[in-house]
Structures are given as C-alpha cells and as structure tokens.
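Trainee: Every position in the sequence shown, counted from 1, becomes a number in this note's numbering once 12 is added.
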Amino acid sequence: AAVKAEVISTGALSLDLALGIGGVPRGRVVEIYGPESSGKTTLALHVVAEAQRNGGIAAFVDAEHALDPAYARALGVDV
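Okay, structure coming up:
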C-alpha cells in the first residue's frame with residue numbers, strides 16, 4: 013500500500029511531479045547531489061524557503077563553507 017507522505021515543494025512544479033510525491037518528504041534528511049554548477053544549492057535553498065514559509069524549520073548543511081547569505085535571502089530564506 014502507498015504511504016501518504018507530507019511534502020515540501022521544491023518550487024519547481026515539473027520537479028515536484030517527477031519526484032512522484034509532489035516535492036521532498038517533510039521530516040526527512042534529503043541529500044541533493046550532482047555536478048558542479050548544476051543548481052544543487054539553489055534547489056536546496058528553495059526547499060528551505062518553502063519550509064520556512066509553511067512555518068517549519070529547515071537546516072542547510074554547508075560542508076564547503078560557500079553559502080552566500082545574500083543569495084539565500086534573495087531566494088526567500090530567513091537566514
């Protein structure tokens with residue numbers, strides 16, 4: 013039987029649909045990986061902003077110490 017999961021939108025309808033559940037699962041650790049300059053940080057920050065807009069709390073782990081807070085704010089993240 014299918015399990016109904018609460019989701020957070022990625023901000024991109026086509027990606028939400030491709031993920032099969034409408035976004036990323038709420039309350040789970042999600043790893044986003046891919047080649048350099050493929051949009052990983054932008055995608056992650058869109059999800060963080062959406063979680064915050066919905067009253068949630070999200071963590072962004074910046075292992076490379078490269079996050080630009082001004083860019084995050086521009087995407088709607090409350091830093």
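Glycine included, C-beta positions come from ideal geometry on N, C-alpha and C.
Within a Cβ cutoff of 8 angstroms, which residues of the same chain sit near residue 1, ignoring the five residues on either side of it in sequence?
Mentor: Residue 1 lies beyond the range of the chain shown here (13 to 91); nothing can be said about it.
Trainee: What does DSSP give as the partner residue(s) for residue 81 in the beta ladder?
Mentor: DSSP lists no partner for residue 81.
Trainee: Please report how far the alpha carbon of residue 79 lies from the alpha carbon of residue 28, in whole angstroms.
Mentor: Whole-angstrom Cα-Cα distance: 24 angstroms.
Trainee: Does DSSP put residue 36 in a helix, in a strand, or in coil?
Mentor: If DSSP states are grouped into helix, strand and coil, residue 36 belongs with the strands.
Trainee: Taking the straight line between their C-alpha atoms, what separation do you get for residue 59 and residue 47?
Mentor: Answer to the nearest angstrom: the Cα atoms are 19 angstroms apart.
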